[in-house]
Amino acid sequence: MRHLHERPTPARVTSVTPDAAARSYDVDRDFELELVGRVREGDAAAFDAVHARFNSRLFGFLARLTRNRDIAEDLLEETWLRFVANAGRLNADTRLGPWLFTVARNVHVSYCRSRALDDRNSDDALGLWPAPSASPFEEAVGRELEQRIEASLASLPVSCREVLLLVGVEGLRPAEAAVVCGVSAEALRQRLKRARALLAECLDRSADRTQEKA
Amino acid sequence: MDSDQQPDSILRLLADLPPMTPSAACDRRVLVRCHAALHTTSHRRGASAIDMTMAAAIAGYAVAAAREVIRLLY
Chain S
1 MRHLHERPTP
11 ARVTSVTPDA
21 AARSYDVDRD
31 FELELVGRVR
41 EGDAAAFDAV
51 HARFNSRLFG
61 FLARLTRNRD
71 IAEDLLEETW
81 LRFVANAGRL
91 NADTRLGPWL
101 FTVARNVHVS
111 YCRSRALDDR
121 NSDDALGLWP
131 APSASPFEEA
141 VGRELEQRIE
151 ASLASLPVSC
161 REVLLLVGVE
171 GLRPAEAAVV
181 CGVSAEALRQ
191 RLKRARALLA
201 ECLDRSADRT
211 QEKA
Chain E
1001 MDSDQQPDSI
1011 LRLLADLPPM
1021 TPSAACDRRV
1031 LVRCHAALHT
1041 TSHRRGASAI
1051 DMTMAAAIAG
1061 YAVAAAREVI
1071 RLLY
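Listed in order, the protein sequences are those of chains S and E.
The working numbering puts the first residue of the first sequence at 1, with every later residue one more than the last.
The working numbering puts the first residue of the second sequence at 1001, with every later residue one more than the last.
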């Protein structure tokens, strides 16, 4: 049986997330420092530049964490407002990505605490993404694959999901993800290992169910 | 498949997930509120600079007045 996560991987597989790393820090460091300096001064254009760069990423992170678009939009708004409120207190050498994801995660944690949410229920995740369209076969297969990954991801405990989102989807370095989650690098490494194993297990079960249906 | 390859292929699958975007209404709302907050902050900073200048001027005047009083008394 060929399972989903056993898809042939191109090239080497030594580094943690080679593709995602490029996605994460395509920001030129000098430009980032300049943006931080200008945001600290209350420059609206600099804020717009930061917003344009991180808005979709933060939304994706929050939507996959909350498994609900409307809640994710509310938390996204709160994240940006906190960013603006604290802009004047940013350190000159702040890395915007980890800083913003830390705020977004804290906003989500506060939200969960305020609602005393039970994270185990993942049924609502099914309504997050549009159903596969009746388009060409490849597109349908691709959509189905994406949906299986999203559904498997959504079924994981939030502590595993956030690590996979930060490192796998958003391409943060494990050390940066550790800072965002407020844990040591070693704890993050263990959590990531466990999360990957859980996701692989979920994908296996999902592949089995698909084959049974077929 | 060995145990090293499996985790990386998992992360690769995640890295390939499509980006998600908030609604245009959400974007508009965020930008309006954040720009307003930035404007208020910078306005407050400007106001606080004026307040400090005024306080310094008043303090200077008070010191000069006190000196003058002392000079007239003695």
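Even glycine gets a Cβ: it sits at the ideal position worked out from N, Cα and C.
Only a predicted model underlies this, so the values are computations on that prediction, with no experimental measurement involved.
Going by beta-carbon coordinates alone, are S:P166 and S:L198 separated by less than 8 Å?
Looking at the sequence shown, residue 166 of chain S is not Pro but Leu. No, these two residues do not count as a Cβ contact at 8 Å.
Compute the Euclidean distance between the alpha carbons of S:R32 and S:R143, then round it to the nearest angstrom.
According to the sequence provided, residue 32 of chain S is Glu. The question's Arg does not apply to it. Their Cα atoms are separated by approximately 35 Å.
How would you write the range of the alpha helix (DSSP H) that S:L35 sits in, first residue to last?
29–40
Would you mind giving the Cβ-Cβ distance between S:A151 and S:V163, rounded to the nearest angstrom? I have them listed as a contact below 8 Å.
Contact doesn't hold; Cβ gap of about 18 Å is too wide.
Alpha carbon to alpha carbon, how far is S:G171 from E:A1059?
55 Å
If you draw a straight line from the alpha carbon of S:D93 to that of S:N86, how long is it in whole angstroms?
Cα-Cα distance, rounded: 15 Å.
If you count every other CB in all the chains shown that lies within 10 Å of the CB of S:R113, and 16 or more means buried, which is it?
Classification of S:R113: exposed, given that the 10 Å Cβ count is below 16.
So, under 8 Å CB-CB, S:G88 and E:T1041 are touching, yes? Tell me the CB distance rounded to an integer number of Å.
Yes, they are in contact, since the Cβ atoms of S:G88 and E:T1041 sit about 7 Å apart, within 8 Å.
Leaving aside the five residues before and after S:R38 along the sequence, list all residues of the same chain whose C-beta is less than 7 Å from its C-beta, in chain order.
A46
Examine chain S for any beta-carbon lying closer than 8 Å to the beta-carbon of E:S1023, and answer yes or no.
yes
For E:H1039, count neighbouring Cβ atoms within 10 angstroms of its own Cβ and tell me buried if that reaches 16, exposed if not.
exposed
Within this structure, are the beta carbons of S:R161 and S:L203 separated by less than 8 Å?
no
Identify each residue in the segment 70–98 of chain S for which the Cβ-Cβ distance to at least one residue of chain E is less than 7 Å, and report them in chain order.
E73, L76, E77, W80, L81, V84, A85, G88
Just to make sure I have the definition right: I need the residues of chain E whose C-beta is within less than 8 Å of the C-beta of S:V169. Which are they?
L1014, A1015, L1017
Please check if any C-beta of chain E sits within less than 8 Å of the C-beta of S:E146.
Yes, S:E146 counts as interfacial toward chain E.
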